[in-house]
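Every letter in the sequence shown is one number past the one before it in this note's numbering, and letter 175, counting from 1, is 175.
From the three backbone atoms N, C-alpha and C, an ideal C-beta is built for every residue, glycine too.
Please read all numbers here as calculations on a predicted model, not as lab measurements.
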Amino acid sequence: MNKVKVAILGSGNIGTDLMYKLERSDVLELTALIGIDPASEGLQRARSLGYTTYDNGIQAIVDHPDLADLVFDATSAKAHVRHAKVLQQLGITAIDLTPAARGPFLSPVVNFQDHLHAPNVNLITCGGQATIPIVHAINSVADVYYAEIVATISSKSAGPGTRANIDEFTNTTRRGIEEVGGADRGKAIIILNPANPSIMMRNTVYCQVKNMDQAAISQSVHDMVARVKEYVPGYRLKQELLFDEDKVTIFLEVEGAGDYFESYAGNLDIMTATAVRIGEEFARHRLSGALLEEGGKRIEA
Numbered sequence: 001m002n003k004v005k006v007a008i009l010g011s012g013n014i015g016t017d018l019m020y021k022l023e024r025s026d027v028l029e030l031t032a033l034i035g036i037d038p039a040s041e042g043l044q045r046a047r048s049l050g051y052t053t054y055d056n057g058i059q060a061i062v063d064h065p066d067l068a069d070l071v072f073d074a075t076s077a078k079a080h081v082r083h084a085k086v087l088q089q090l091g092i093t094a095i096d097l098t099p100a101a102r103g104p105f106l107s108p109v110v111n112f113q114d115h116l117h118a119p120n121v122n123l124i125t126c127g128g129q130a131t132i133p134i135v136h137a138i139n140s141v142a143d144v145y146y147a148e149i150v151a152t153i154s155s156k157s158a159g160p161g162t163r164a165n166i167d168e169f170t171n172t173t174r175r176g177i178e179e180v181g182g183a184d185r186g187k188a189i190i191i192l193n194p195a196n197p198s199i200m201m202r203n204t205v206y207c208q209v210k211n212m213d214q215a216a217i218s219q220s221v222h223d224m225v226a227r228v229k230e231y232v233p234g235y236r237l238k239q240e241l242l243f244d245e246d247k248v249t250i251f252l253e254v255e256g257a258g259d260y261f262e263s264y265a266g267n268l269d270i271m272t273a274t275a276v277r278i279g280e281e282f283a284r285h286r287l288s289g290a291l292l293e294e295g296g297k298r299i300e301a
């Protein structure tokens, strides 16, 4: 089968984990891992696997624009603001794993079909990918007027990019809860837990609804969990839903696949698994001969 060429921008925890997942894709061909530190573990691992590596950041793509048709940006929100402009000028589709929010928010199980022609799409945050599908599932049957999510992750799984983007995380996740999840008003909280041994990613979703129907809500949530689990195998309900008057509470857990980081790092896993799912959908759309909007130009795939 033909494959679409992709590159990863960022050789930290997320970029390295993504590299291992892309090895298994039947429609995406990883051409390069790009970082800024030649001694980084990610670049060393990539070289040991036979991949081309660069340590000059976005300049590598400027110098080699034919390197990839899709670029996964796993750097930081501030860096992606600059990267987004460069990639759009080059006509390269960007899949943004940072909370920069330069493109439309995307959840594979909620609104992927709405943004097939976008030159830049944003994967919100790890907490957003874990919880927004649940908010959407509840809103579809009960009308959510307030949703609050708490994402708790192991401190060891939070790299420098995550730590530098706490403010962007809370704001971007809140917007995603409202714009993609459908809640009238949202709030997001992230907790870095230093417990030893490290805990798995856990997410709590609180929703207040206008039309309480416990059976419909429970069925919708279980159906959504099953759909997310198709591409994030470690995604699961921690316990059954809790109902109290107009409130419903959902407890989720995400166990990582252990491709690069330990299995407790579900926050990394859900982002990279989501990125692969979205990249593969873009690739299949392109390989099918559909027209894609790239950098303001329409080209025949």
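For F169, the secondary structure class from DSSP, reduced to helix, strand or coil, is helix. G186 carries a strand assignment under DSSP once its states are collapsed to helix, strand and coil. Counting along the chain, the unbroken beta strand (DSSP E) around R236 starts and ends at Y235 to L237.
Apart from the 5 residues on each side of it in sequence, M201 sits with its Cβ closer than 6 Å to the Cβ of I153, V254, G266 and N267 in its chain, given in chain order. T170 places its beta carbon 8 Å or farther from that of A142. In this structure, the beta-carbon distance from R175 to Y145 does not fall below 8 Å. Following the DSSP letters along the chain, one finds K78 inside the alpha helix (DSSP H) bounded by residues A77 to L90.
For the 8 Å CB-CB criterion, A151 and C126 form a contact.
In the structure shown, I138 falls within a helical segment according to DSSP collapsed to helix, strand and coil. By the neighbour-count criterion, in which a residue is buried when 16 or more other Cβ atoms sit within 10 angstroms of its Cβ, R286 is buried.
A check of alpha carbon separations from Y235 across R227, A74 and L241 identifies R227 as the nearest.
As for any beta strand (DSSP E) of minimum length 3 sitting wholly inside the region 115-161, the runs are 120-122 and 144-154, ordered along the chain. Note on E178: 16 or more other CB atoms within 10 angstroms of its CB, so buried under the neighbour-count rule.
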